[in-house]
Structures are given as structure tokens and as C-alpha cells.
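>
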Amino acid sequence: MKSFYQRQFLLMAGMVLTSFALLSSAFMTLSYQYTIQDKRESMERNAEFIAQFTGAVQSSGLSLMDSSYQAYVSSISSISDAYVIICKPGGRVILASEGAFRSGVSVPSVPQEICRELEETGDYSGMTTLGGLFPQSRYVAGRSVTISDFTGNSYETNLVFVAADTASITELWRAVASIFFVTALTVIFIAFICSALTSRRQTRPMHEIAEMARKFGHGEMDARVTGYENRQDEVGELAEAFNNMAESLAQSEARRSEFIANVSHELKTPMTTIAGFADGILDGTIPPEKEKEYLKTISSETRRLSRLVRRMLDLSRLRSNQNVTAQETFDIVELMLRVLVSLEPKVTARGLDVETQLPDGSVMVWGDPDAITQVCYNLLDNAVKFATQGSAIGISVVTKGGKARISVRNHGETIPPEELALLFDRFHKSDRSRSMDRDGVGLGLYIVKTILGNHKENITVTSQDGVTEFTFTLTLA
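Residue numbers for the sequence shown follow the UniProt record's numbering, beginning at 1 and rising by one.
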């Protein structure tokens with residue numbers, strides 16, 4: 001299986017090679033056409049110039065066998081890297097550059113059909129061997145030489161042909177192409193190196209993150225990805241997301257361990273009590289006259305275990321359904337009064353007064369009525385439990401800024417500031433609550449906070465001068 005680095009490198013290399021292949025094809029085609037066209041135009045210009053010069057020489061009365069004329073034609077042939085052939089209209093060659101014909105040609109003559117075409121049109125161009133005069137096809141450009149007599153009439157005297165080997169025509173193209181290919185190979189080599197370095201740099205963080213993930217999976221909860229905090233790209237986002245995930249999982253693991261420890265502690269005490277008293281009754285250690293008293297204790301501890309399990313199931317349900325879906329509108333004032341009525345026996349038993357600060361009409365809010373009922377019940381039940389005998393509890397509902405603020409307060413002992421921050425923790429029970437609420441399991445306020453958190457609402461607590469007040473919010477309908 002190819003690694004991400006290999007796939008990325010091969011992809012980038014393939015793109016570079018494909019791009020250069022297409023660019024090379026276009027360049028080769030265009031440059032070849034340009035080179036051929038430029039050479040043809042140059043040869044046609046030379047043929048035209050030689051034809052005009054030859055006509056001027058003949059008009060002046062000089063012979064084409066004159067050494068100065070032949071030297072001039074030879075120089076043009078050398079400069080243009082082409083062969084110059086001058087023949088009569090019938091095709092007989094009277095002058096040619098050295099090496100123009102293949103070996104074995106004794107009486108060179110241009111084919112009649114080529115001569116006739118040149119005489120009829122005034123110019124000729126094409127690939128030809130001139131009837132076997134050349135060993136291989138060459139590009140030939142031809143022009144006719146015309147002069148005027150003393151009467152002003154023009155007549156054709158000679159024909160001029162300029163020929164070039166295909167090798168000479170493509171020599172420039174090959175030189176340019178070779179330069180292009182050397183440059184292209186250099187660029188490709190540099191591109192491959194840059195691609196390799198870039199691919200490795202991009203994949204190195206992936207390997208490091210994968211290694212941290214393996215360590216994290218093996219139990220190293222402090223494993224984190226470092227060195228990419230300042231990168232403002234996808235790698236930086238991935239590293240940050242991994243670290244956030246690792247931090248969240250580490251906290252979850254810590255909470256799980258704490259939860260197991262707390263549950264073990266809460267289960268251990270009643271189970272030890274139940275087992276000890278049951279064994280005492282069975283082995284006769286406890287006198288028969290005290291068995292009923294100890295059986296009551298066993299029954300009480302059993303009910304406390306049942307409440308603990310029920311609260312834990314409620315908590316599990318709340319944590320697995322963190323988004324409230326069954327929201328509806330309901331009257332929070334009516335709900336608070338209904339819960340207060342359900343607690344009337346406890347309120348009466350402790351001789352408490354109830355102070356209310358409620359609006360005259362309804363206060364409609366959004367939420368899950370059953371869940372909010374549990375919130376109100378837990379808060380009011382705690383207020384009754386921990387209120388001083390014969391004191392008062394109070395409830396109030398105030399609307400402000402699109403929110404309903406519901407408060408529950410009691411008069412009792414002031415809770416220390418360091419204790420306030422721990423009230424909503426799972427299984428937290430202060431020394432005072434342990435003495436006053438032996439049946440509690442320390443999950444009530446945690447469940448309250450979880451329910452309100454699922455509603456995206458807040459709860460706060462204050463305790464000063466013997467008055468403790470819990471306040472939570474709900475969105476107005």
C-alpha cells in the first residue's frame with residue numbers, strides 16, 4: 001500500500017511531467033513550423049535577389065561566366081547555406097554551386113516540367129530532387145531572370161534555383177529544441193526535488209499526529225501534538241483539533257475514574273452495613289429483641305441503594321440525551337406551585353413558612369416540563385431539608401431580557417465559598433449535608449445542572465448571612 005507521501009509525490013510528479021509533455025509538443029510543433037517557414041522565406045528572398053542581380057548583370061552586357069559574378073553568387077550560397085543553380089529556359093545548367101549535384105551527374109539538366117512551371121508562373125517552390133540531380137529531396141525556390149531589350153520588351157533569359165538540404169533547414173530547430181529540452185529537464189529535476197520536499201513537509205505532521213494517536217490509544221493520556229500551534233492552515237487546525245480531542249478524552253477518563261471511585265464508595269458503605277447486620281442476625285450475634293431495629297436499618301440502606309441506582313440511571317439518561325427535543329411551552333409559576341404543594345407534608349413537619357414573590361398572571365417558558373419539574377423538586381426539597389427548623393423558605397419568578405429567573409432560597413447555615421464551587425459535582429456531600437441528609441446520594445444538584453445544561457440555561461448559587469439562594473433561567477415563550 002502506497003503511503004500518502006508516495007501518492008502525493010507521484011501525483012505532483014505526474015502533473016509536472018504531463019504539463020511539460022504537452023508544452024514540449026506544442027513548442028516542437030510551433031518551432032518546427034516557424035523554422036521551416038522562416039527558411040523558405042529566406043530562400044525565396046535569396047532566389048529573387050539573385051534573379052534580379054543576374055538580370056542586371058546581363059543587361060549591363062557582362063557574362064555570367066565573369067569571375068566577379070560567380071564569386072558574388074558563391075558568397076550568397078555560403079552565407080545562406082544553400083545551393084544556387086542557374087540554367088537556361090530549356091533546363092541546361094550553366095552555373096551551379098560547388099557540391100550541388102550528386103556524384104555521377106555529367107550533364108546536369110533541370111526537368112522540363114519544372115522549367116515550364118517556373119516560366120508560366122514566375123516562381124517555383126517545393127521539395128524535389130530536380131530530376132535526380134540531388135541525392136535526396138531538397139527544398140527548392142526558383143525565380144525567372146528577365147531583361148528588357150532596346151525596344152523595352154522583356155524576355156526571359158535564365159532560370160535561378162536556390163536549394164537547401166532538409167538537414168540545414170532543421171539545424172536551427174534542433175539547436176533550439178536541444179536548448180529547450182535541457183532547460184525542461186533542469187526544471188523538471190528542480191520541480192521533483194521541490195515536490196519531494198513539499199510532500200515530505202506536508203506528510204510529516206500526519207505521521208506525528210498518527211504516532212501521538214497510537215500513544216494516546218495505549219494509555220498515554222498526556223500525549224499531545226506540539227510544534228504546529230502557530231500554523232494557520234489545515235495542518236494547524238488538525239493538530240489543534242487532535243489536542244482538543246485528547247484533552248477532552250483525558251478529562252472524560254479522569255471523570256470516569258472519579259465516578260467509578262465515588263460509586264464504589266457510595267455502594268460500599270450501605271452494602272457493608274447490610275451484609276454486617278444480616279450476618280449478625282443469621283449467626284445470632286444480634287439479640288432477637290434488637291433484630292427488628294437492625295432490620296429497619298437494613299431496609300433503610302436497601303432503599304438508599306435503590307435511590308442511588310435510580311439516580312444513576314436518570315443521570316445516564318440525561319447525559320446520553322444532551323439535546324432537549326421534547327420542548328414545549330408551559331407556565332413556570334403553576335409548575336413551581338404544584339411542586340411546592342407536593343412538598344407540603346415536609347414543609348409542615350419542619351414548621352417552615354413559605355415566602356413567595358410570583359407574578360399575578362402566567363409566565364410561559366420553553367422547555368421540557370418533566371425535566372424542569374425534577375429541577376424544581378430537587379431545589380425545593382434541598383431547601384426544605386437544610387432550612388433551620390421553624391424558619392422560612394422562599395420562591396420567586398422574575399422576567400427580564402427574554403428570560404425567566406426562578407429563585408429558591410432558605411434560611412440556615414451559610415455555605416463556605418470554597419464549598420459553593422463543589423455543590424454541583426457528582427456525589428459531593430458536605431459534612432453538614434452528611435449529618436442532616438443521611439438518605440441523600442449527592443447527585444441531586446448535579447442532575448439539576450445537567451438538565452439545565454441540556455436546555456442551554458444557567459444556574460447560580462449564593463450563600464450569605466444564613467440565606468442560601470439558587471437561581472436558574474428559562475427562555476420566555
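Think of the CB as a built atom: it goes at the ideal place given N, C-alpha and C, for glycine as much as any other residue.
By DSSP's criteria, residue 127 is part of a beta bridge. Which residues make up the other side?
139
> Please state the DSSP three-state secondary structure of residue 375.
helix
> Using DSSP with H/G/I as helix, E/B as strand and the rest coil, what is residue 228?
coil
> Using a Cβ-Cβ cutoff of less than 6 Å, which residues in the same chain neighbour residue 407 once the five nearest sequence positions on both sides are dropped?
396, 469 and 471
> Mapping DSSP to helix, strand and coil, what is residue 207?
Residue 207: helix per DSSP, three-state reduction.
> Alpha carbon to alpha carbon, what distance is there between residue 35 and residue 16?
27 Å
> Is residue 92 helix, strand or coil by DSSP?
DSSP places residue 92 within a strand segment (E or B) once states are collapsed to three.
> When you compare the region 80 to 87 with the region 45 to 62, are there three or more beta-carbon pairs, one atom per stretch, that lie closer than 8 Å?
yes
> If you run the structure through DSSP and keep just helix, strand and coil, what is residue 353?
strand
> Could you say which of 159, 131, 155 and 218 lies nearest to residue 143 if we only look at CA atoms?
159
> So which of 161, 78, 216 and 285 has the shortest CA-CA distance to residue 129?
161
> In or out: residue 368 buried (at least 16 other Cβ within 10 Å) or exposed?
Buried, because 16 or more other Cβ atoms sit within 10 Å of the Cβ of residue 368.
> Does DSSP put residue 470 in a helix, in a strand, or in coil?
strand
> Relative to the alpha-carbon of residue 101, which residue among 139, 284 and 134 has its alpha-carbon at the smallest distance?
134
> At the level of alpha carbons, what is the spacing between residue 352 and residue 221?
51 Å
> What span of residues does the alpha helix (DSSP H) with residue 328 cover, start to end?
Premise fails: residue 328 lies in the beta strand (DSSP E), 328 to 331, not in any alpha helix (DSSP H).
> Just reading off the alpha helix (DSSP H) that residue 73 is part of, what are its end residues?
67 to 80
> Give the C-beta separation of residue 421 and residue 473 to the nearest angstrom, bearing in mind that I take them to be a contact with Cβ-Cβ under 8 Å.
Not a contact, Cβ separation roughly 20 Å.
> Using DSSP bridges, identify the partner residues of residue 28.
According to DSSP, residue 28 bridges with nothing at all.
> Starting from residue 114, trace the alpha helix (DSSP H) in both directions and tell me its first and last residue.
Run containing residue 114: 112 to 121, per the alpha helix (DSSP H) assignment.
> Can you find at least 3 beta carbon pairs, one from the region 203 to 212 and one from the region 238 to 246, that sit closer than 8 Å?
yes
> Whether or not the region 442 to 453 and the region 333 to 340 are in contact is what I'm after, with contact meaning three or more pairs of Cβ atoms, one per stretch, closer than 8 Å; do they touch?
no
> So the beta strand (DSSP E) residue 410 belongs to, where does it begin and stop?
403 to 411
> Which two residues bound the contiguous alpha helix (DSSP H) that contains residue 444?
For residue 444, the enclosing alpha helix (DSSP H) has its first and last residue at 444 to 454.
> Please find out if some non-hydrogen atom of the ligand GDP comes closer than 7 Å to the beta-carbon of residue 302.
Judged by which ligands are present, the structure shown has none, so any question about the ligand GDP falls away.
> Considering only residues of the same chain and omitting the five flanking positions on each side of residue 392, which have a CB-CB separation below 8 Å?
352, 353, 354, 355, 410 and 411
> Might you give, ordered along the chain, the residues of its own chain that have their beta carbon closer than 6 Å to the beta carbon of residue 383, omitting 5 neighbours on each side?
393, 408 and 410
> I want to know whether the region 53 to 61 touches the region 177 to 190 - three or more CB-CB distances under 8 Å.
no
> Once you ignore the five residues that flank residue 444 on each side, which residues in its own chain have a CB closer than 7 Å to its CB?
Excluding residues within five positions, the ones whose Cβ falls inside 7 Å are 378 and 382.
> Round the Cβ separation of residue 274 and residue 301 to the nearest angstrom and send it over; I've been treating them as touching at under 8 Å.
About 5 Å separates the two Cβ atoms, so the contact holds.
> Beta strand (DSSP E) containing residue 464: first to last residue?
Where residue 464 is concerned, the enclosing beta strand (DSSP E) stretches over 459 to 464.
> Specify, as a first and last residue, the run of the beta strand (DSSP E) that residue 400 falls within.
392 to 400
> Taking only three categories from DSSP, how would you classify residue 347?
Helix.
> Using a Cβ-Cβ cut-off of 8 Å (strictly less than) and excluding sequence neighbours within five positions of residue 24, which residues of its own chain qualify?
By the criterion of a C-beta distance shorter than 8 Å, residue 24 is surrounded in its chain by 180, 181 and 184, once the five residues flanking it on both sides are discounted.
> Just to confirm the assignment, what range does the alpha helix (DSSP H) spanning residue 507 have?
With the chain represented from 1 up to 477, any question about residue 507 goes unanswered, as that position is not in the structure.
> Looking at C-alpha atoms only, which residue of 306, 65 and 333 is the closest neighbour of residue 270?
306
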